[in-house]
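First residue of the sequence shown? That's 46 in our numbering, and the numbers climb one at a time after it. Backbone N, C-alpha and C define an ideal beta-carbon position, used for all residues, glycine too. Keep in mind that this is a model prediction, so the values were computed, not measured. Accompanying notes for the structure given below.
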Amino acid sequence: MPGERRLEYLRAIGIDLWVRRGRGAVEAPPTGDMAAPAAEIEARWDALRAAVLECTRCPLHATRTQGVLGVGPKRADWLVIGEAPGAEEDRRGEPFVGAAGQLLDAMLRAIGLDRRTNVYIANVLKSRPPGNRDPKPEEVAACLPYLVEQIALLQPKIMLAVGRIAAQNLLGTDVPLGRLRGRVHRFGELNTPLVVTYHPAYLLRTPGDKRKAWEDLKFARSVYQQLTQGTATDGNRS
Ligand code: URA
């Protein structure tokens, strides 16, 4: 991205200084069995979408407008995972389309990502909790299989968990978010690298932490670059 445009995005997310941090070597994840035929993959996506739209596994189905599966290219290298749809997402059927979504888009653009071209965005919960309360453990337990199937289908090269709820549930820990930042975690059977940062809704309330979020984004970008080193990539798999 040209320097001026990046600066513009950084300004949009409230950051005007570049901060360097140390980088550890990162191994590429194992590729696993990627040989499922395209038709089978499409059929699984269709089944997943239908299951989410029709889901009654937890009481949230009674109060939501619709299930929100996710958005983005299915061959994106990057997967961003948030908490749950809010009011606007529940109405429009797409993750992160409200105020927090605008900030998330600016954060992603600052590292060259865009939900239309090279990042897939999803949530831990596919249904909106009333009043945007925190998800209950039993709701997460009911919904997590959808995300696991989504990840199996996407096979992203890197995952970015935004916020405590996503980070703790994906990593199966109650370690505070601040202590999960700044290192590469691994997720699932494919050992997908997972980096943690703040939730954009939190950053809207706490703009002083945007600088730390920018450090996390640069860290995630460096992890991704190390994974794809030597491979020309636009963030999508060829
Ligand atoms: N917050 C989230 O975690 N996800 C959304 O989709 C919207 C707001």
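- prompt: Does the segment 164-179 come close enough to the segment 93-111 that 3 or more CB-CB pairs lie under 8 Å?
  reply: yes
task: Using the Cα positions of A84 and W90, report the straight-line distance between them to the nearest angstrom.
output: So the alpha carbons of these two residues sit roughly 10 Å apart.
For C188, the nearest candidate out of R160, W259 and G112 (CA to CA): G112
A211 and N163 closer than 8 Å at C-beta: no
message: Between P140 and the ligand URA, is there a pair consisting of the residue's CB and a ligand heavy atom that are separated by less than 7 Å?
response: Yes - the ligand URA has a heavy atom lying nearer than 7 Å to the Cβ of P140.
task: Specify the secondary structure class of N168 as computed by DSSP and reduced to three states.
output: strand
- prompt: Does the ligand URA have a heavy atom nearer than 7 Å to the CB of E128?
  reply: yes
- prompt: Of all the alpha helix (DSSP H) runs that stay within the bounds of the segment 202-280, which reach a length of 4 or more residues?
  reply: 209-216, 222-225, 245-250 and 255-272
- prompt: Between the C-alpha atoms of K263 and L222, what's the straight-line distance to the nearest angstrom?
  reply: 17 Å
- prompt: How about A88: is its Cβ closer than 7 Å to a heavy atom in the ligand URA?
  reply: no
task: Give the straight-line distance between the Cα atoms of E134 and L114, rounded to the nearest whole angstrom.
output: Between E134 and L114, the alpha-carbon positions lie close to 10 Å from each other.
field: Identity of the residue in I86, L215, V241 and T242 nearest E234 by Cα
entry: The shortest Cα separation from E234 among I86, L215, V241 and T242 belongs to L215.
DSSP-derived helix/strand/coil call for G127: Secondary structure of G127 (DSSP, three-state): strand.
- prompt: Nearest to P118 by CA position, among P201, P104 and G157, is which residue?
  reply: P201
- prompt: Excluding sequence positions up to five away, which residues of its chain have a Cβ less than 6 Å from the Cβ of N177?
  reply: G131
Residues of its chain near D279, where Cβ-Cβ distance is below 8 Å and the 5 sequence neighbours each way are ignored: T162 and N163
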